[in-house]
Amino acid sequence: MGSVLLEELVENVRTAVAPSTAGMACKDVKQIVQIIDWNVGAATAFPSVDPLASRPAPPSAMGLGPLGAEPCMTPLIVGFTFLRVTQYLVCLLNLLEMLHRRWIIRIVVRMVLLGEFAVGSLDLVDGCISWYTQYFVIITFWHCLAHHFPEKTDYSFADGSVATGRRGFYDQPIMLTPTRKITVAAGQISALLMNEAAATLEQIEATIATAAGLGAELLVLPECAYPAYLLGSIHSYRVGDHLSSADFLGWLRKQAARRGLHIVCGFVEDTGDVLHNTAILLDDRGDVLGLARKRFLWHADHEWYTPGTEIRVINSRIGRIGILICAEARVPEIIATLANDGAELLAMSTCWINGARQAGQYENIQVEFLIEARAREFGIPFVCADKCGLELPPIGYVGQSRIVGADGTLLAEAPPDRPEVIVADLHLQPANKTRIAESWRRRLLTASPAQPSEKRDTHRIMVAATPARMVVEYLSMGTLEAWLEGLSRRGVTMLVSDISLPEQRETILGWARRFKIQSVLAPLPEGLSDIGCAKVGCLSGNDAHGFAPARAMALDGADILLVFDMPEDTAMLRTRAVENRVFMIGAGWNTAVLVDPGGKIMSMSQGDPSPASIAEFDLALAADKLVAPDTNIFQQRQPWLYKL
Numbered sequence: 238m239g240s241v242l243l244e245e246l247v248e249n250v251r252t253a254v255a256p257s258t259a260g261m262a263c264k265d266v267k268q269i270v271q272i273i274d275w276n277v278g279a280a281t282a283f284p285s286v287d288p289l290a291s292r293p294a295p296p297s298a299m300g301l302g303p304l305g306a307e308p309c310m311t312p313l314i315v316g317f318t319f320l321r322v323t324q325y326l327v328c329l330l331n332l333l334e335m336l337h338r339r340w341i342i343r344i345v346v347r348m349v350l351l352g353e354f355a356v357g358s359l360d361l362v363d364g365c366i367s368w369y370t371q372y373f374v375i376i377t378f379w380h381c382l383a384h385h386f387p388e389k390t391d392y393s394f395a396d397g398s399v400a401t402g403r404r405g406f407y408d409q410p411i412m413l414t415p416t417r418k419i420t421v422a423a424g425q426i427s428a429l430l431m432n433e434a435a436a437t438l439e440q441i442e443a444t445i446a447t448a449a450g451l452g453a454e455l456l457v458l459p460e461c462a463y464p465a466y467l468l469g470s471i472h473s474y475r476v477g478d479h480l481s482s483a484d485f486l487g488w489l490r491k492q493a494a495r496r497g498l499h500i501v502c503g504f505v506e507d508t509g510d511v512l513h514n515t516a517i518l519l520d521d522r523g524d525v526l527g528l529a530r531k532r533f534l535w536h537a538d539h540e541w542y543t544p545g546t547e548i549r550v551i552n553s554r555i556g557r558i559g560i561l562i563c564a565e566a567r568v569p570e571i572i573a574t575l576a577n578d579g580a581e582l583l584a585m586s587t588c589w590i591n592g593a594r595q596a597g598q599y600e601n602i603q604v605e606f607l608i609e610a611r612a613r614e615f616g617i618p619f620v621c622a623d624k625c626g627l628e629l630p631p632i633g634y635v636g637q638s639r640i641v642g643a644d645g646t647l648l649a650e651a652p653p654d655r656p657e658v659i660v661a662d663l664h665l666q667p668a669n670k671t672r673i674a675e676s677w678r679r680r681l682l683t684a685s686p687a688q689p690s691e692k693r694d695t696h697r698i699m700v701a702a703t704p705a706r707m708v709v710e711y712l713s714m715g716t717l718e719a720w721l722e723g724l725s726r727r728g729v730t731m732l733v734s735d736i737s738l739p740e741q742r743e744t745i746l747g748w749a750r751r752f753k754i755q756s757v758l759a760p761l762p763e764g765l766s767d768i769g770c771a772k773v774g775c776l777s778g779n780d781a782h783g784f785a786p787a788r789a790m791a792l793d794g795a796d797i798l799l800v801f802d803m804p805e806d807t808a809m810l811r812t813r814a815v816e817n818r819v820f821m822i823g824a825g826w827n828t829a830v831l832v833d834p835g836g837k838i839m840s841m842s843q844g845d846p847s848p849a850s851i852a853e854f855d856l857a858l859a860a861d862k863l864v865a866p867d868t869n870i871f872q873q874r875q876p877w878l879y880k881l
């Protein structure tokens with residue numbers, strides 16, 4: 238295959254796939270063509286083999302452009318291609334759930350074109366694939382690019398820039414799970430007091446009518462949408478001028494049937510014995526399909542509500558729906574249980590409290606990064622409905638109800654300060670089931686309490702995390718000693734970097750000791766290590782994308798979690814910090830970041846040049862697992878309910 242055709246193929250890759258994956262795709266195309274040419278050349282060295290005799294005509298001779306075949310040829314080409322894949326089908330089906338989707342197509346293309354299938358320890362090689370078969374697969378490959386992924390889409394990058402291009406072939410799974418498209422809505426309403434229940438009822442009715450008019454099949458309403466979130470006391474609720482929970486439910490059922498709309502609505506449920514913070518799912522005929530009672534109570538919830546004792550997905554005609562209520566998004570085991578139970582969508586009724594101290598500002602970690610990170614982690618879309626405004630000063634809400642796709646993409650968002658109904662289309666398919674190492678699973682499912690961290694009231698350490706590239710440059714330029722001396726003058730006592738080469742490690746460790754700096758370099762042993770006055774756990778980059786390793790080490794008393802080979806997804810690092818109330822340190826070749834137990838980025842090094850990220854860690858913050866009054870992140874765990 239000549240260099241002109243090769244360059245033509247590569248150029249078509251650049252224009253046909255997403256900007257974020259074009260480089261990877263071009264590299265594979267070049268490698269594929271080189272191997273094909275090598276195979277042909279090797280065959281011509283033997284007189285008994287004449288590859289040119291069986292070599293098909295070039296695309297131009299067949300009336301085909303470089304991007305594909307005639308549509309009528311597609312069934313034959315695809316059928317022929319899949320005959321070559323049949324022998325690997327069992328392995329492929331088993332691996333589909335184990336691998337990140339974006340890699341599936343790359344594996345299959347290499348498997349068919351190159352005759353090899355290499356994933357981890359699995360390495361199957363078939364040398365019997367003919368050049369003729371390879372050529373047909375290339376035609377099919379380009380035909381798919383041209384005819385099946387033409388739509389334009391925006392791609393966001395770490396530096397904040399956005400590029401527009403075609404959806405990439407590498408961005409698509411090779412074998413799609415059947416999906417169903419539904420139109421969903423989140424109804425954001427104004428916060429009103431409990432004695433304004435009549436006005437609240439009017440708001441809810443108007444929101445339902447608006448959602449139905451916009452063509453929604455499912456509407457999600459806020460936490461305690463009726464009568465209010467802040468009750469004052471159980472007694473004040475029971476003597477208040479509002480519908481009982483049973484009467485409200487009857488009214489809501491009529492609304493769902495009248496509008497032909499599935500509804501998830503939060504309300505105060507009175508069983509006669511206790512109150513629950515509950516969200517209920519009704520179908521479009523007004524039938525009750527199921528409910529969820531809030532299992533992780535937040536702050537004042539403890540004064541009025543009794544926690545729920547069940548985590549399960551609810552079946553409906555539009556899909557399998559899991560329900561979350563507000564602070565439960567902070568508890569990864571609840572989401573993992575719903576995902577493992579087959580949830581295709583998470584409906585989240587919430588009252589996101591505004592943590593900002595200035596008027597006109599809005600601050601809440603769930604809005605800022607947590608929901609999008611959860612969606613990516615579990616591969617499941619979220620529909621979140623919040624309130625806006627003040628309910629009982631100074632308690633106010635951030636609004637910003639949102640619909641988030643399974644890849645973490647924000648599909649629709651309401652404003653922070655006024656009611657609104659937002660609508661988006663979702664493609665439903667089962668969430669990613671969590672795969673957890675047995676040692677971590679045992680720890681997460683045990684009822685034993687979290688290991689208490691020592692009270693570290695006086696233990697403050699100055700930490701520096703540095704991109705490995707910069708440390709290597711200091712070594713090569715002979716300026717390492719001066720750089721470490723500068724860190725020492727700034728009070729740094731712990732240095733973290735992703736340096737794994739033995740000779741480099743020894744040099745850095747030796748110089749750091751001279752300045753009384755403890756160097757923490759990759760790799761660290763598995764589990765927890767005592768480093769100075771801190772208990773430190775180490776994760777690989779991939780481990781940071783799943784909650785289980787970090788959770789298990791936090792339960793065993795970790796103060797700091799390190800992530801070497803740092804992922805670019807800083808939202809995931811912030812999520813690991815928040816859900817466990819620990820400090821997170823991410824260190825990679827070009828990036829380093831320090832995150833506090835509240836999920837705030839304390840310091841970040843990125844770009845060129847990349848100086849050290851330096852911040853003071855107050856270990857008392859990691860020892861304190863209270864995220865709000867009466868709200869300890871570990872004391873409310875219910876391992877007997879979790880399905881991991």
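The working numbering puts the first residue of the sequence shown at 238, with every later residue one more than the last. Glycine included, each C-beta is placed from N, C-alpha and C at the ideal position.
{"Check": "If Glu829 sits next to Gly836, beta carbons under 8 Å apart, how far is it from one beta carbon to the other, in whole angstroms?", "Outcome": "For the sequence presented, residue 829 should be read as Ala rather than Glu. About 17 Å separates the two Cβ atoms, so there is no contact after all."}
{"Check": "Is it the case that the Cβ atoms of Gly424 and Val641 are separated by a distance below 8 Å?", "Outcome": "no"}
{"Check": "Where are the alpha helix (DSSP H) runs, 4 residues long or more, that stay fully inside the segment 725 to 778, in chain order?", "Outcome": "739 to 751"}
{"Check": "Using 8 Å for Cβ pairs, my map puts Leu712 next to Gln666. What's the rounded Cβ distance?", "Outcome": "Not a contact, Cβ separation roughly 48 Å."}
{"Check": "Just the Cα atoms here: how many angstroms apart are Phe801 and Gln492?", "Outcome": "53 Å"}
{"Check": "Does the beta-carbon of Met821 have 16 or more other beta-carbons within 10 angstroms, so that it is buried, or is it exposed?", "Outcome": "buried"}
{"Check": "Suppose the cutoff is 8 Å on Cβ atoms and the five residues either side in sequence are ignored; what does the same chain contact list for Gly469 look like?", "Outcome": "Met431"}
{"Check": "For a quick check, are the C-beta atoms of Ala453 and Thr420 less than 8 Å apart?", "Outcome": "yes"}
{"Check": "Spell out the partners DSSP gives Gln425 in its beta bridges.", "Outcome": "Glu657"}
{"Check": "Pull up the distance between the alpha-carbon of His782 and that of Ile471, whole angstroms please.", "Outcome": "41 Å"}
{"Check": "Once DSSP output is grouped into helix, strand and coil, what is the label at Ile548?", "Outcome": "coil"}
{"Check": "Taking only three categories from DSSP, how would you classify Asp538?", "Outcome": "helix"}
{"Check": "For Cys502, tell me which candidate among Gln440, Gln637, Gln688, Glu722 has the shortest Cα-Cα distance.", "Outcome": "Gln440"}
{"Check": "Looking at the secondary structure, which residues open and close the alpha helix (DSSP H) in which Ser638 lies?", "Outcome": "Note, Ser638: premise wrong, no alpha helix (DSSP H); not H, not E."}
{"Check": "For Phe820, which residues does DSSP report across the bridge?", "Outcome": "Ile797"}
{"Check": "Start and end of the alpha helix (DSSP H) containing Glu442?", "Outcome": "434 to 450"}
{"Check": "According to DSSP, is Ala514 helix, strand or coil?", "Outcome": "Looking at the sequence itself, residue 514 is Asn, so the reference to Ala does not match. Correct three-state label for Asn514: strand."}
{"Check": "Quick one: what's got a C-beta closer than 8 Å to Lys753's C-beta in the same chain, skipping five residues either side?", "Outcome": "Ser725, Thr730"}
{"Check": "Expressed to the nearest angstrom, what Euclidean distance is found between the alpha-carbon atoms of Asp767 and Phe871?", "Outcome": "22 Å"}
{"Check": "Against chain C, with Cβ distances strictly below 8 Å, would Gly497 count as a contact?", "Outcome": "In the structure shown, chain C does not exist; there is a single protein chain."}
{"Check": "Looking at the structure shown, is Asn577 part of a helix, part of a strand, or coil, going by DSSP?", "Outcome": "helix"}
{"Check": "Tell me the start and end of each unbroken beta strand (DSSP E) in the segment 599 to 637 that is at least 3 residues and wholly inside, in chain order.", "Outcome": "619 to 622, 624 to 629, 632 to 635"}
{"Check": "Can you tell me where the beta strand (DSSP E) holding Arg554 begins and where it ends?", "Outcome": "Element bounds for Arg554: n/a, residue is neither H nor E."}
{"Check": "State the Cα-Cα distance for the pair Leu663 and Asp521, rounded to the nearest angstrom.", "Outcome": "18 Å"}
{"Check": "Is it buried or exposed for Asp524, if we count other Cβ within 10 angstroms and need 16 for buried?", "Outcome": "exposed"}
{"Check": "Pop quiz: Asn817 and Ala791 are said to be a contact at Cβ under 8 Å. What is the actual Cβ separation, rounded to whole angstroms?", "Outcome": "4 Å"}
{"Check": "Pairing CB atoms from the segment 597 to 615 with CB atoms from the segment 673 to 691, are three or more of them under 8 Å?", "Outcome": "no"}
{"Check": "Using a Cβ distance threshold of 8 Å, determine whether the segment 714 to 722 contacts the segment 861 to 876, with at least three qualifying pairs required.", "Outcome": "no"}
{"Check": "Is the separation between the beta-carbon of Ile736 and that of Val700 shorter than 8 Å?", "Outcome": "no"}
{"Check": "Can you pull the DSSP bridge partners for Val815?", "Outcome": "According to DSSP, Val815 bridges with nothing at all."}
{"Check": "Could you compute how far the alpha carbon of Ile445 sits from the alpha carbon of Pro459?", "Outcome": "12 Å"}
{"Check": "Evaluate contact between the segment 479 to 487 and the segment 646 to 658, counting only Cβ atoms and requiring at least three cross-stretch pairs below 8 Å.", "Outcome": "no"}
{"Check": "Taking only three categories from DSSP, how would you classify Ser367?", "Outcome": "Low confidence applies here, because Ser367 scores a pLDDT of 40, under 50, leaving its location unreliable; read the following figure in that light. Coil."}
{"Check": "Since Asn869 sits in a beta bridge, which residues does DSSP pair it with?", "Outcome": "Leu863"}
{"Check": "Tell me the rounded alpha-carbon separation between Leu429 and Val815.", "Outcome": "30 Å"}
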